[in-house]
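**Q** Chains as they are written, first to last, in our numbering: chain A, 536 to 1129; chain B, 3 to 206; chain C, 29 to 479.
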Amino acid sequence: MAYVPLADQEQELHHPHSWVTKYVWSQDHKVIAVQYGGTAIAVGVVALVLSLLMRLQLGFPETFDLIDPSSYYQSVTMHGMIMVVYLLTALFLGGFGNYLIPLMCGARDMVFPFLNMLSYWVYLLSVLILMASFFVGEGPTGAGWTLYPPQTNMAGTPGHDSGIVLMLLSLAVFIVAFTMGGLNYVVTVLQNRCRGLTMMRLPLSVWGIFVATCLGLFAFPALLVSAIMMLFDTLLGTSFFMPAVIESGTPLDHNGGSPILFQHLFWFFGHPEVYIVALPAFGLVSDVLSTHARKNIFGYRMMVWAIIAIGGLSFIVWAHHMYVSGMHPYFGFFFATTTLIIAVPTALKVYNWVLTLWEGDIRLNAPMYFAIGFIFTFIHGGLTGLFLGNVVIDLPLSDTYFVVAHFHMVMGVSPVLVLFAALYHWYPKITGRMFHEGMAKVHFWCTFLGTYAIYLPMHYLGFLGVPRRYYALGSTDFIPQSAHDLNTTITIAALFVGASQLLFFINIFWSLRNGKKADPNPWGSASLEWQTPDTPPVHGNWGPELPTVYRWAYDYSVPGAHQDFIPQNTPESVEPTVDEQHFDPDHDVSKADL
Amino acid sequence: MSIFKLLADKSWERKGIIGGLRPTGAFDTAPERVALVFFLVVATVVFSLFTVGYFIRMELPDWAPIEDPAKLWFNTGLLVVSSVLFQWARNIADSGSRKNIKTAFIGGGVFAVLFIAGQLSAWGDLNAAGYYVASNPAASFFFLLTGVHAVHMLGGLWVWSKSSIRLLSGSEIKDVRLSIQLCTLYWHFLLIVWLVLFAVLSNT
Amino acid sequence: MALAVVIFLLVIGSIIFHFASPWWFTERAADWGSIDFTINVTFWVTGFVFIAVNLFLAYCVFKFRKKPGHKAVYEPENHKLEVGLSVITTIGVIAMLAPGLFVWATFVTVPDEATEFEVMGQQWQWAFRYPGADGQLGTADTQLVTESNPFGVNPEDPNGQDDVIVLGPEMHLPVGKAVKANLRSNDVLHNYTVAQFRVKMDLVPGLISYLWFEPSRIGRYDILCEELCGIGHFVMRGAVVIDTQQDYDAWLAQQPTFAETQAMAAGDPAAGQAQFAVCASCHGAQGEGNRALNGPKLAGQSAWYIERQLNYFKTGVRGGEGDTNGQMMAPMANMLASDEAVRNMAAYIESLPDTPATPTVTGDVANGASIYSRNCAACHLQTGEGTWYTDAPKLAGMSDWYFITQLQNFRAGIRGLHQQDFYGEQMVSMATAMSGDQEYADVAAYINTLR
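Right, dumping it as structure tokens:
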């Protein structure tokens, strides 16, 4: 077999010549990351607006006439699907994965830059197909984001004509895009690390993104398979998932298919998907916490093992979404057990984050606010998961607002807080400017307190038994007026949180021009991405020579060192020097503490 | 280094350069091959899930097997020949010679094209026997599984055609060696997938 | 600093919220105290962890916030601590899981003495079937479903003949007897949920799922569908009444068996015609309707709908307070003394020649079309013909002014809120979902084009 030297091989880069090749058809991972991130956030705003429309309906059922039952269910569906797949997956992996992997691995770019570029454009295509469903036929599908057959194909569900077809098509295209990107991320991490960078020296961000990408590569096929089979059922009249059913009084020409088979396939994708979002968040937040606590991440090895263990276990817990689906009830024993086992490595991660703060020297700046806020919301969301995973407790709580509150806490608020932490944390590297610290902190308070005001009470609606996916609660004996009033309060909190996100957009756009020029390493971070010769890094990242790594990514506050961090590329023989120009340990950008 | 030893590494205790120019833990091969192997795992998951779906659907009461076209045996033969020719091309490329390489490599692809044509004709036979995609679940799966396999084959043929053009336009062997190796690996994979699918389809 | 204080306050606030909250599990009406016990165990274990870890987090943020001259401690890991924490966590998890698994074992094992009944879900109604004297439910199949056999009970199966058929969405059960619900669906996924029973399960077309419980408290409880089943999901309501054995037996005896429903004679139009003269005075000689006398068009309407409405007028389900015109119908309907007379009348009306009514309403047809096809067509069909399957009457070619009056009545709660008007309640929700008279007129104008 031919030996192909890698680390010392100078990758051939496609150097852009015009504005278009530099910023549009770019093969630079950093530009692609921004494209991915921008598209994901833009489509996420659409989903946010949909959620506010739903909240207006729920909070003021007779005051606003913005959406009818049909568009309510379409909003439910599109909000869920966009947030989970097109925003969170794309932003964590396509956005942060793209930006950070080559920089943190000391590489010039991804191993296959052209494929990487293609991945973004195919992703954009999938988003456009999804958005097109708003304008075609009856509009997007309203079958819920889980797309359960047989109703996806039946007249009582909005968008059963074209919406569902576009949705499945868009998902299939997204999976193609993800596979192209995912192969790139995985192979880059494995093969394109710089000299001296062992796997166990990688920052946890890379570990989280790496394992999440592996999960994605092996889990998205289940979604692809179910999408293809459902397309056959929809367009060609097969009966993979479609049993004999009656549509508005007329029997349909299907027989014998199994709706439960679809659910198994869907959740075989769907549960790992939770961790495709969570693991990168775990990784990114670990790095933010460690950097700003000026302390190594506590229990690095345990953190890596936990990421791997959670990733592996996530493939054998899927049917905990199906306890009340009518599947064979004996599955409940197995899946309840595996689900609660997964709580152990997850809890360890939480302990280690808190223990990272223990005896640290915590700089309470905006990224750190979001990161610590994440710990709080994640504890809350993780603990409520123990209710739903424990099969008998799922009986009363399944399909109520408790579920909505739980997964928004653990999969909505928590990853989004990490996203903001990470966006603020790496903003100086990405743009070369500092963001406005005060505005970012106001943004934090609004988001953190506002979302808690939304979701804490929502759990109690679930305890009461208020069903989810109801356009209007109507008159139900066991739901008192106070619960309706609570719904109104939740809506007001949601509108407040929604509006406060403007602060984020104002901040990042305003700072682009007016922010203070950023130092190459404003946080005093030890990991490799902050050690680039240029800020923002140019195409190729590293100047004439690739970096060499001498230590792990968390050498903070090492006894005897001159400064409280030692960059990964500092040789062990060289005394760390303090470069006052670039880093002043007593200069704290968070002086504007609120 | 075993993966457990790697993961047990107390990396904060060891400073300095570890490993040579290559990062430890990297595979000693071209990144394209690593990517292809990952892709093959992904494709294996896809085919496995289809097969699992097939077996679950089979258990449901309305299942009725269909008579598979006899032509499939012939098609299998075509695919075996295709794979053998690719292996031959690979052996030549590894040895650095050029002799017969065009015949072997292009011949392999041509047999793959014949295989797909054969599969289409098998579809025609089924249609003639009155089985369409929605006629019965076994027929649905037959069209679905053979179709997905053929789509993977077409993807391979796209890469094969690009490499063939380079080969015909007189590229150095060392420039196309990796392509030939990867095509061969991919063809063997698709042959194994087909043999498994064929066994599943014809025994149920 | 502020953050540490806020986290501390959030923990305290959450505790206060919990104790002050009026929202908690409903009072149990089935013998599933073991589920509530498991919930409580989990609640207190997780509650303790929530408080402990977050207070520790707040303490860390407060204690170790950046201070001049302070330096972080270098401590890569502490294996003992991590192992200890893993062990404690594992013990906590086992403490929560173990009771859960035992209770689940009880849930999946239906006691031998449990009697069966069947829950049938379809878009967007509930119906129920009880085994007759033989204690066995007859087999059934979706492919046998017709208007006269909505359960698709197999007519060849002797076990099915004495099955008791309950077509309304209100069911009864005796208190203190374990029951097993067999769940079936004719179309999409549904979910049979009674919050007070604690247990729920999906209805899946193509198979029979089940759950069991032992009602423990007399009362009337809402049945909700909790699996998204299309745009009428939120109006798919029912009720379960827990009775004493005596009341339950009396109720059950009133319900028809499958054999009786099949043997029921079809209405006789000729017999109905004889009594139609009274109706004709307001509704017109051919049932064509008379706006001046507030008599809507009847011709063209399906017999099942006419029959149901006549019975509603007879029993006061319709024509209550505020419904001045409806009140006039009560004495008229009562002239039809027997169920048979009602059926005959309905059969006659169905046989009348159907000429579309003259439009009287104008509105924005395009807007009406959009509203109609998105929200109304699911039950009333794109053609406006209606169907027995979704309990939706014909709208196309009927009196448009009457359509608007009824929507206004539904919206005002004049029609549809009577506890026995199972199907009208859905229209209250749909009428409320529209913004008001202008949209009603738009939809009416669109329906006028469907003829």
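Backbone N, C-alpha and C fix where the C-beta goes; we use that ideal spot for every residue, glycine too.
Going along chain B in order, which residues have a C-beta closer than 8 angstroms to the C-beta of Val722 (chain A)?
**A** Chain B residues near Val722 (chain A): Pro33, Val36, Ala37, Phe40.
**Q** Quick one, which residues of the segment 4–16 of chain B are near chain C if we go by CB-CB under 7 angstroms, in chain order?
**A** Flagged, chain order: Trp14.
**Q** Leaving out five residues before and five after Leu541 (chain A) in sequence, what residues of the same chain have Cβ atoms less than 8 angstroms from its Cβ?
**A** No answer about Leu541 (chain A) holds up, because its pLDDT of 41 lies below 50 and its placement is not dependable.
**Q** Return helix, strand or coil for Val1124 (chain A), following the three-state DSSP convention.
**A** Residue confidence is low: Val1124 (chain A) scores 43 on pLDDT, short of 50, so the model does not pin down where it sits. Its coordinate-derived value is still stated next. The answer is helix: DSSP assigns Val1124 (chain A) an H, G or I state.
**Q** Helix, strand or coil: how does DSSP classify Lys325 (chain C) here?
**A** Lys325 (chain C): coil per DSSP, three-state reduction.
**Q** With DSSP as the reference, label Ile781 (chain A) as helix, strand or coil.
**A** Strand.
**Q** Mind listing the chain B neighbours of Ala762 (chain A)? Cutoff is C-beta to C-beta under 8 angstroms, in chain order.
**A** Going along chain B, no residue has its Cβ under 8 angstroms from Ala762 (chain A), so there is no contact; the nearest lies around 11 angstroms.
**Q** Given Val173 (chain C), which residues of its chain have a CB within under 8 angstroms of its CB, disregarding the five upstream and five downstream residues?
**A** Around Val173 (chain C): Phe179, Gly180, Asn214.
**Q** Taking a cut of 8 angstroms between CB atoms, which residues from the segment 1085–1098 of chain A lie near chain B?
**A** Residues Tyr1085, Arg1086, Trp1087, Tyr1089, Asp1090.
**Q** For Ser237 (chain C), name the three-state secondary structure that DSSP assigns.
**A** Looking at Ser237 (chain C) - three-state DSSP - the assignment turns out to be strand.
**Q** CA-CA distance, Met589 (chain A) and Asp1020 (chain A)?
**A** So the two alpha carbons sit approximately 16 angstroms from each other.
**Q** Determine, using beta carbons only, whether Tyr1089 (chain A) and Tyr904 (chain A) come nearer to each other than 8 angstroms.
**A** Going by C-beta atoms, Tyr1089 (chain A) is not nearer than 8 angstroms to Tyr904 (chain A).
**Q** Strictly by DSSP, which residues pair up with Trp154 (chain C)?
**A** Answer is C:Gly149.
**Q** Would you say Phe1100 (chain A) lies against chain B (beta-carbon separation less than 8 angstroms)?
**A** Output row for Phe1100 (chain A): interface = no.
**Q** Of all Cβ atoms in chain B, is any one closer than 8 angstroms to the Cβ of Pro104 (chain C)?
**A** Interface residue, yes.
**Q** DSSP puts His218 (chain C) in a beta bridge; with which residues?
**A** DSSP lists C:Leu231 as partners of His218 (chain C).
**Q** Can you grab the Cα-Cα spacing for the pair His1166 (chain A) / Gly266 (chain C), in whole Å?
**A** Given a span of 536 to 1129 for chain A in the structure shown, any question on residue 1166 (chain A) remains unanswerable.
**Q** Run the CB neighbour count on Val178 (chain B), radius 10 Å, all protein chains shown included, and call it buried at 16 or more, exposed below.
**A** By the 10 Å Cβ count, Val178 (chain B) comes out buried.
**Q** Quick one: measure Cβ to Cβ for Ser668 (chain A) and Met702 (chain A), integer angstroms, because I've assumed they're closer than 8 angstroms.
**A** Right, their Cβ atoms sit about 6 angstroms apart.
**Q** Identify which residue in A:Thr733, A:Trp888, A:Gly895 has its Cα closest to the Cα of Ala906 (chain A).
**A** When only C-alpha atoms are compared, the closest one is A:Trp888.
**Q** Look at the Cβ atom of Phe144 (chain B), then the Cβ atom of Leu203 (chain B), and state whether they are nearer than 8 angstroms.
**A** Yes. Within cutoff.
**Q** Please tell me whether Ile795 (chain A) and Met862 (chain A) are closer than 8 angstroms, where the distance is taken between their beta carbons.
**A** Yes, these two residues count as a Cβ contact at 8 angstroms.
**Q** Counting only Cβ pairs nearer than 7 angstroms, list the residues of chain C close to Trp961 (chain A).
**A** Chain C residues near Trp961 (chain A): none, gap ~21 angstroms exceeds 7 angstroms.
**Q** Tell me, which residues are paired with Ala58 (chain C) by DSSP?
**A** In the DSSP output, where bridge partners are listed per residue, Ala58 (chain C) has C:Pro243.
**Q** Looking only at DSSP bridge pairs, what is Arg1004 (chain A) linked to?
**A** Answer is none; Arg1004 (chain A) lacks a bridge partner.
**Q** Alpha carbons only, please: which of C:Glu255, C:Gly247, C:Met292, C:Gln290 is nearest the one belonging to Asp275 (chain C)?
**A** Comparing Cα-Cα distances from Asp275 (chain C) to each of C:Glu255, C:Gly247, C:Met292, C:Gln290, the minimum goes to C:Gly247.
**Q** Any idea which residues DSSP pairs His689 (chain A) with across the strands?
**A** Reading off the sequence shown, one finds Met at residue 689 (chain A), where the question assumed His. Partner(s): none; Met689 (chain A) has no beta bridge.
**Q** With DSSP as the reference, label Cys640 (chain A) as helix, strand or coil.
**A** DSSP places Cys640 (chain A) in coil when its eight states are reduced to three.
**Q** What are the boundary residues of the alpha helix (DSSP H) that includes Ile1041 (chain A)?
**A** Counting along the chain, the alpha helix (DSSP H) containing Ile1041 (chain A) begins and ends at 1016–1049.
**Q** Just to confirm my understanding: we take Val268 (chain C), look at its own chain, exclude 5 residues before and 5 after, and list those with CB closer than 7 angstroms. What are they?
**A** Contacts found: Met199, Leu201, Val222, Tyr249, Ile251.
**Q** I'd like the list of long-range same chain contacts for Ile710 (chain A), defined as Cβ closer than 7 angstroms, with 5 residues on each side in sequence excluded.
**A** Excluding positions up to five away in sequence, the list reads Phe755, Leu758, Leu759.
**Q** Compute the distance between the beta-carbons of Val161 (chain B) and Phe113 (chain B), then report whether it is under 8 angstroms.
**A** No, the pair does not count as a contact, with Cβ atoms beyond the cut-off.
**Q** What do you get for Glu55 (chain C), buried or exposed, if any count of 16 or more other CB atoms within 10 angstroms of its CB means buried?
**A** Classification for Glu55 (chain C): exposed.
**Q** Sort A:Thr891, A:Ala844, A:Val580 by Cα distance to Arg93 (chain C) and report the nearest one.
**A** The shortest Cα separation from Arg93 (chain C) among A:Thr891, A:Ala844, A:Val580 belongs to A:Thr891.
**Q** Given a cut-off of 8 angstroms, decide if Gly1095 (chain A) and Phe1031 (chain A) are closer than it, judged by their beta-carbon atoms.
**A** Not in contact: Phe1031 (chain A) and Gly1095 (chain A) (Cβ atoms no closer than 8 angstroms).
**Q** In the DSSP assignment, find the alpha helix (DSSP H) that holds Asp177 (chain B) and state where it starts and stops.
**A** Here the alpha helix (DSSP H) through Asp177 (chain B) covers 175–204.
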